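Q: Got a structure for you, questions after.
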Amino acid sequence: MHPALSVIFFTTASGAGYGLLFLLASSCAINPASISLYEILTMLALGLLFSSAGLLSSMSHLGRPERAWRAFSQWRSSWLSREGVIASFSYLPALLLGVLMWRNDVWIAMRLCAILLAACAIATVLCTARIYSSLKTIHAWHNVYVLPAYLLFALLSGAIWNIAVRGWFSSVCSVEALIATMLLLLLSVILKLRYWRFIDTTRSASTAETATGLGRFGQVSSFERPHTEQNYLLKEMGFVLARKHAQRLRRLVLLLFAATFIVLGMLLLISTSLLSAVLATLAAITVSIGLLVERWLFFAEAKHLVTLYYDTRQR
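See the structure below:
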């Protein structure tokens with residue numbers, strides 16, 4: 004598939020935003036007094052900024068962005084529509100939580116808003132993942148790895164940005180939080196490696212032979228290509244990425260994740276507040292770049308079954 008930068012930024016930024024909102028809301032639901040007011044307001048603002056920027060960027064990928072509002076009417080059947088509805092609704096508990104924390108006198112309402120915000124954040128990311136994993140025509144997306152990867156990467160980026168924000172408020176990040184984030188990073192790498200192995204070693208069950216019903220006679224190939232030059236379908240759904248380039252980008256993703264892991268490990272040993280804040284921010288930026296490259300690969304390595312019509316073999 005054509006790796007549109009608007010969609011890549013959307014899935015990465017919104018994932019980080021909703022991951023941060025989920026972790027913040029979970030902390031507030033358990034113990035609202037565990038985080039200072041200004042930390043909460045900063046995390047809310049940053050989470051909403053990331054998620055809003057991602058959602059707005061996705062509109063630029065539409066042919067007619069002014070008609071984007073029509074997508075909300077298809078929530079019964081479309082994961083894209085459900086994502087939009089839930090993402091829009093999530094602003095309500097987020098803003099209410101900020102107001103209630105500012106007043107600091109309605110603890111039950113705070114917890115209820117926090118629980119609702121956490122549910123909306125995780126549901127939005129789930130809907131985003133299902134937009135892709137539900138497409139049976141794209142083998143690289145229609146598998147068991149895509150949904151948990153979206154959820155895990157959102158949680159990972161949110162956790163690291165959470166550590167970065169706390170670092171600038173001179174709030175000592177707990178050893179447990181750092182270790183948990185490092186474990187999330189390791190799980191993300193393992194899951195991504197298994198996903199890459201899956202798309203490298205398996206192929207879609209659909210082929211030119213099954214599509215035409217001529218498989219019993221042998222391999223089916225086109226006598227003549229239907230077009231003499233690239234058309235819209237080939238540009239959008241038959242994007243070709245050389246294997247050597249894919250391998251290099253995969254190594255870059257792993258390198259950036261490894262660098263993030265090392266920086267997080269250094270945070271366990273450093274007690275200087277300013278240096279910790281700088282390192283935590285560096286870790287957040289590094290993992291975000293890694294996720295941008297990973298998401299570019301996610302789209303570039305996927306191929307739609309429509310390319311069978313053009314005798315473009317599935318990988």
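Per this note's numbering, the very first residue in the sequence shown carries number 4; after that it's consecutive.
All C-beta atoms, glycine included, are put in the ideal place defined by N, C-alpha and C.
Here the structure is a predicted model, which means the values were calculated and not measured.
DSSP three-state label for Ile182, please.
A: Three-state result, Ile182: helix.
Q: Would you call the segment 289–307 in contact with the segment 137–150, where contact means no fewer than 3 C-beta pairs closer than 8 Å?
A: Yes: at least three Cβ pairs fall under 8 Å.
Q: Can you tell which of Ser84, Phe75, Ala122 has the C-alpha that lies nearest to the C-alpha of Leu95?
A: Closest option to Leu95, Cα to Cα, is Ala122.
Q: If you draw a straight line from the alpha carbon of Lys247 to that of Arg253, how long is it in whole angstroms?
A: If you take the alpha carbons of Lys247 and Arg253, they lie about 10 Å apart.
Q: Go to Trp105, then tell me how far its alpha helix (DSSP H) extends in each direction, as first and last residue.
A: Segment 94–106, the alpha helix (DSSP H) holding Trp105.
Q: Could you compute how far the alpha carbon of Arg197 sits from the alpha carbon of Ala152?
A: So the alpha carbons of these two residues sit roughly 11 Å apart.
Q: If we ignore side chains and look at the alpha-carbon of each, how far apart do Glu179 and Thr275 end up?
A: Spanning the two alpha carbons is a distance of roughly 18 Å.
Q: With 16 other CB atoms within 10 Å as the buried threshold, where does Tyr41 fall?
A: Under this definition Tyr41 is an exposed residue.
Q: Using DSSP with H/G/I as helix, E/B as strand and the rest coil, what is Ile141?
A: Strand.
Q: Contact between the segment 40–56 and the segment 78–85 is defined here as three or more beta-carbon pairs at a separation below 8 Å; is this criterion met?
A: No: the two stretches stay apart, fewer than three of their Cβ pairs being nearer than 8 Å.
Q: Which residues does DSSP pair with His307 in a beta bridge?
A: Note: His307 sits in a beta bridge opposite Ile141.
Q: Over the uninterrupted alpha helix (DSSP H) stretch that includes Tyr135, give me the two end residues.
A: Per DSSP, Tyr135 belongs to the alpha helix (DSSP H) from 110–136.
Q: Using CA coordinates, which residue listed in Ser209, Gly22, Leu189, Gly170 is at the minimum distance from Leu258?
A: It is Leu189.
Q: If you reduce the DSSP assignment to three classes, tell me which class Phe172 lands in.
A: It is coil, neither helix nor strand.
Q: Less than 7 Å between C-beta atoms, sequence neighbours within five positions excluded: which residues of the same chain meet that for Met269?
A: Leu282.
Q: If you reduce the DSSP assignment to three classes, tell me which class Leu244 lands in.
A: It is coil, neither helix nor strand.
Q: Quick check on this structure: which residue in Tyr148, Ala157, Gly170 has the alpha carbon closest to the alpha carbon of Arg200?
A: It is Tyr148.
Q: Under 7 Å, Cβ to Cβ, is there at least one residue of chain C near Leu295?
A: Of the protein chains in the structure, only one exists, and it is not chain C.
Q: Using the Cβ count rule (16 or more neighbours within 10 Å means buried), how would you classify Val290?
A: It counts as buried.
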